[in-house]
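Undergrad: In the working numbering, the protein residues as written are -2 to 90. Idealized CB from N, CA, C, for every residue including glycine.
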């Protein structure tokens, strides 16, 4: 039996918690609780590492806590792009 090592786009959307929402102008927008794999794999991703770092683990655990407490909300791809470029880290240091 053959197995597939990758996720389909639909499966990635489910894992990342994607939703299609409508803006105030009644346009569709995609938001997600976690960055999509396509956003992680972009060349402009300042957090693209070949390993899971201690900072990645800290960020993940903090985000889970903030989601559960209602502090965080799903973000658009544009917000994830800005965050992963490193701007967020520079502002918080």
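For the alpha helix (DSSP H) that residue 59 lies in, which residues bound it at each end?
TA: Unbroken alpha helix (DSSP H) run through residue 59: 51 to 66.
Undergrad: Hey, residue 78 and residue 36 are a contact pair by Cβ (cut 8 Å); roughly how many whole angstroms apart?
TA: Confirmed, about 6 Å.
Undergrad: Residue 15 bridges to which residues according to DSSP?
TA: Answer by DSSP bridge pairing, in chain order: 29.
Undergrad: With distances taken between CB atoms, is the gap from residue 26 to residue 20 smaller than 7 Å?
TA: Against a cut-off of 7 Å, the Cβ pair of residue 20 and residue 26 comes out as a contact.
Undergrad: So, helix, strand or coil for residue 38, using DSSP?
TA: Reduced to three states, the DSSP call for residue 38 is coil.
Undergrad: If you draw a straight line from the C-alpha of residue 51 to the C-alpha of residue 80, how long is it?
TA: Using only the alpha carbons, I get a separation of about 18 Å.
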